[in-house]
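Notes for the one structure printed next.
Residue numbers (UniProt numbering): 1 to 199.
What follows is the structure, encoded as structure tokens:
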């Protein structure tokens with residue numbers, strides 16, 4: 001049985017691809033999300049090779065199975081797992097929502113005004129706007145309120161930009177935040193609201 005060191009060489013119809021992988025050439029494992037709230041979310045456990053190619057290890061679509069497969073293979077082959085479908089770790093969160101939004105949008109503004117490629121996110125795209133709200137147990141209505149506040153902050157930060165770039169910046173922010181909010185609910189059990197927020 002061949003041992004594959006790159007996703008470029010793995011046949012699409014290969015059954016049980018984990019049994020045919022040269023694990024010495026693997027960088028790690030990750031959970032890949034596909035779809036959206038309208039079409040339905042699908043989750044694949046994937047292997048990430050050293051040549052920066054990747055391949056799904058199963059296509060059941062279930063988040064629990066995807067995480068279990070990644071965890072099991074990680075333990076067997078001593079490879080790290082990245083699961084951006086979970087809320088960002090506390091070390092990546094910010095104390096002030098407004099400071100967070102303003103700071104991130106300034107970075108987005110600089111990127112829009114440059115010719116550099118889009119920077120890689122620290123966590124799943126959009127986590128800056130949503131993950132701390134999800135962990136605080138906010139409702140969908142409260143999330144919408146946060147989005148309106150974010151829109152106001154966006155206008156302040158992007159106000160000096162030309163209209164086309166302003167629209168592009170606002171679209172990026174809204175799309176990332178809305179998609180991330182839906183993903184977190186599809187892949188995780190939402191925490192109860194914090195007691196001080198319920199008082």
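Don't be surprised by glycine CBs; every beta carbon is placed ideally from N, CA and C. None of the values given here were measured: they were computed from a predicted structure.
Along the chain, where does the alpha helix (DSSP H) that runs through residue i open and close?
i, result
"residue 128", "127 to 135"
"residue 183", "163 to 187"
"residue 68", "63 to 77"
Under DSSP, the beta strand (DSSP E) around residue i begins and ends at which residues?
i, result
"residue 56", "54 to 56"
Residue i: buried (16+ other C-beta within 10 angstroms of its C-beta) or exposed?
i, result
"residue 8", "exposed"
"residue 68", "exposed"
"residue 141", "exposed"
"residue 24", "exposed"
"residue 66", "buried"
"residue 176", "buried"
"residue 83", "buried"
"residue 19", "exposed"
"residue 193", "exposed"
"residue 76", "exposed"
Could you have a look at residue i and say whether DSSP puts it in helix, strand or coil?
i, result
"residue 32", "strand"
"residue 84", "coil"
"residue 90", "helix"
"residue 40", "strand"
"residue 147", "helix"
Looking at residue i: is its Cβ nearer than 9 angstroms to the Cβ of residue j?
i, j, result
"residue 39", "residue 187", "no"
"residue 56", "residue 135", "no"
"residue 28", "residue 80", "yes"
"residue 151", "residue 133", "no"
"residue 85", "residue 47", "no"
"residue 63", "residue 43", "yes"
"residue 146", "residue 138", "yes"
"residue 41", "residue 126", "no"
"residue 143", "residue 153", "no"
DSSP has residue i in a bridge; who is on the other side?
i, result
"residue 49", "26"
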